[in-house]
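Q:
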Amino acid sequence: PAAKLNSLEKTQKQKYREAKRTLIHEFSKKKQHLAVMELMQNYSDLVNGLLPVWMMNPLAVSHFLPCIENLFDYVIFDEASQIPLEDAMPAVHRGKNLVVVGDSQQMPPGQFFSANSEGKTLLDQAESVFPQVMLTNHYRSQHPDLIQFSNRHFYDFELTTLPAVTLEHPIVRIPVNGVFEDGKNVPEAQALARHYSHLLTQGKTDIGIIAFSKEQQQEIERQLKLLKLNENENLLLRNLENVQGIEKDIILISIGYARNQAGHFRKQFGPVNHERGANRLNVLFTRAKRQMVVFTSINAADFG
8 PAAKLNSLEK TQKQKYREAK RTLIHEFSKK KQHLAVMELM QNYSDLVNGL
58 LPVWMMNPLA VSHFLPCIEN LFDYVIFDEA SQIPLEDAMP AVHRGKNLVV
108 VGDSQQMPPG QFFSANSEGK TLLDQAESVF PQVMLTNHYR SQHPDLIQFS
158 NRHFYDFELT TLPAVTLEHP IVRIPVNGVF EDGKNVPEAQ ALARHYSHLL
208 TQGKTDIGII AFSKEQQQEI ERQLKLLKLN ENENLLLRNL ENVQGIEKDI
258 ILISIGYARN QAGHFRKQFG PVNHERGANR LNVLFTRAKR QMVVFTSINA
308 ADFG
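Structural data, given as structure tokens:
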């Protein structure tokens, strides 16, 4: 009752009623809604009470939310190695507390085609000023062999894995008599498409395909269309630059690079040859939950 409220509480109650009327009116409208930024600017307490957890990317935060300090109790960043520091700061400003989650052994922001390759990420900055906690339990791989290489070469055997839950060979190498011409390896793409078809006949549909280059990705897509295999909604087809964060039961990898028609092997592997190329391989090797199948037209002797 108003008689039991002091002047400050009366003002707060009036603001609450105004915000409630506005939101109910907005909920009933079919179009011409108020901008999210305007709602948060004027009624952030009530809106956050209704929606206590917001999930957005850093650029959306800047676009949709007012620049109000301490708008949220916590701001939590995932995949922080992918976030340029300058993109993160507007969201950092809006939080009372900050949690940064990331892996410095994985990929930086996609700058392979960018002139700026020296920008600092949010994770870089956080590692230099915040206390760190290593998360050592590895849950994705359903066979220890799938994480063994990365555990040894990137994480100093600090990861703890679960026992194998599958009897299938977790890592399979399929050699192909392919050649690398015009930025792609057609025989390798054909072999991968046939294997993918075979997996579908076995009822296996949670599959990801990763190519080392955009050109090889496009060739694989073309081969899948020729076999009318591109209609599986669960299929994920990407190149090495944009696979961080995904996982699939089965990952098919096409290296693509090989000897050309003249028999010459240039030993160039696109972004893998550049700075933090090892990080890209670490991401690549850790996407599969049950099995990783590698299609390759080269072998160890080709590097001699």
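With the sequence shown counted from 1, adding 7 to any position gets you the numbering used here. We put the beta carbon where it would ideally sit given N, CA and C, even for glycine.
(1) Quick check: what's the CA-CA separation for Arg287 versus Glu254?
(2) Please report how far the alpha carbon of Pro138 lies from the alpha carbon of Leu199, in whole angstroms.
(3) Go through the segment 208-237 residue by residue and report every complete run of the alpha helix (DSSP H) that reaches 4 residues or more, in order.
(4) For Glu76 and Lys22, I'd like the C-alpha separation in whole angstroms.
(5) Considering Arg28, what are the terminal residues of the alpha helix (DSSP H) in which it resides?
(6) Is it buried or exposed, Glu240, if we count other Cβ atoms within 10 angstroms and call 16 or more buried?
(7) Taking the beta carbon of Ile31 as the centre, do at least 16 other beta carbons fall within 10 Å, making it buried, or is it exposed?
(8) Where do the ends of the beta strand (DSSP E) carrying Arg294 lie?
(9) With a threshold of 9 Å between beta carbons, is Gly284 in contact with chain D?
(10) So, is Met299 buried or exposed, given that buried needs 16 or more other C-beta atoms within 10 angstroms?
(11) Can you tell me whether Ala122 is buried or exposed, with buried defined as 16 or more other CB within 10 angstroms of its CB?
(12) What's the C-alpha gap between His145 and Thr168?
(13) Judging by CA-CA distance, which residue of Asn55, Leu105, Leu15, Ile90 is the nearest neighbour of Ile83?
(14) Just to confirm the assignment, what range does the beta strand (DSSP E) spanning Phe79 have?
(15) With DSSP collapsed to three states, give me the class of Ile181.
(16) Take Ser69 as the anchor and find which of Leu58, Val290, Met44 has the nearest alpha-carbon.
(17) Would you mind stating whether Leu142 and Ile154 have Cβ atoms separated by less than 9 Å?
(18) Verify whether the separation of the beta carbon atoms of Glu228 and Val193 is less than 9 Å.
(19) Apart from the five residues just before and just after Leu129, which ones in its own chain have a Cβ nearer than 7 Å to its Cβ?
(20) Please state whether the Cβ-Cβ distance between Leu247 and Ser204 is less than 9 Å.
(21) Taking the alpha-carbon positions, what's the Met114 to Asn289 distance?
(22) Among Asn306, Ala67, Pro59, Gln39, which one has its Cα closest to the Cα of Tyr81?
(23) To the nearest angstrom, how far is it from the Cα of Ala307 to the Cα of Gly190?
A: The answer reads as follows:
(1) For Arg287 and Glu254, the gap between their C-alpha atoms comes out near 15 Å.
(2) Straight-line Cα distance between these residues: approximately 45 Å.
(3) Runs found: 221-233.
(4) Glu76 and Lys22: Cα-Cα distance of roughly 20 Å.
(5) Start and end: 14-35.
(6) Glu240 should be labelled exposed.
(7) Exposed: under 16 other Cβ atoms inside 10 Å.
(8) Where Arg294 is concerned, there is no enclosing beta strand (DSSP E), given that its DSSP letter is neither H nor E.
(9) Checking the listed chains, one finds no chain D in this structure; it contains a single protein chain.
(10) Buried, by the Cβ-count rule.
(11) Any reading at Ala122 must be qualified, since the residue scores a pLDDT of 44, below 50, and its modelled position is unreliable; no value is offered.
(12) Between His145 and Thr168, the C-alpha separation is close to 5 Å.
(13) Checking every option, the nearest Cα to that of Ile83 belongs to Leu105.
(14) For Phe79, the enclosing beta strand (DSSP E) has its first and last residue at 79-84.
(15) In the structure shown, Ile181 falls within a strand segment according to DSSP collapsed to helix, strand and coil.
(16) The candidate whose alpha carbon is nearest that of Ser69 is Met44.
(17) It is not a contact, given that the beta carbons lie outside the stated cut-off.
(18) No.
(19) Take Leu129, set aside five residues on each side of it, and the residues of its chain with a beta-carbon closer than 7 Å to its own are Phe84, Ala87, Ile90, Leu92, Ala95, Val107, in chain order.
(20) No, these two residues do not count as a Cβ contact at 9 Å.
(21) So the two alpha carbons sit approximately 8 Å from each other.
(22) Of Asn306, Ala67, Pro59, Gln39, the residue nearest in Cα terms is Pro59.
(23) Taking the straight line from one Cα to the other gives about 21 Å.
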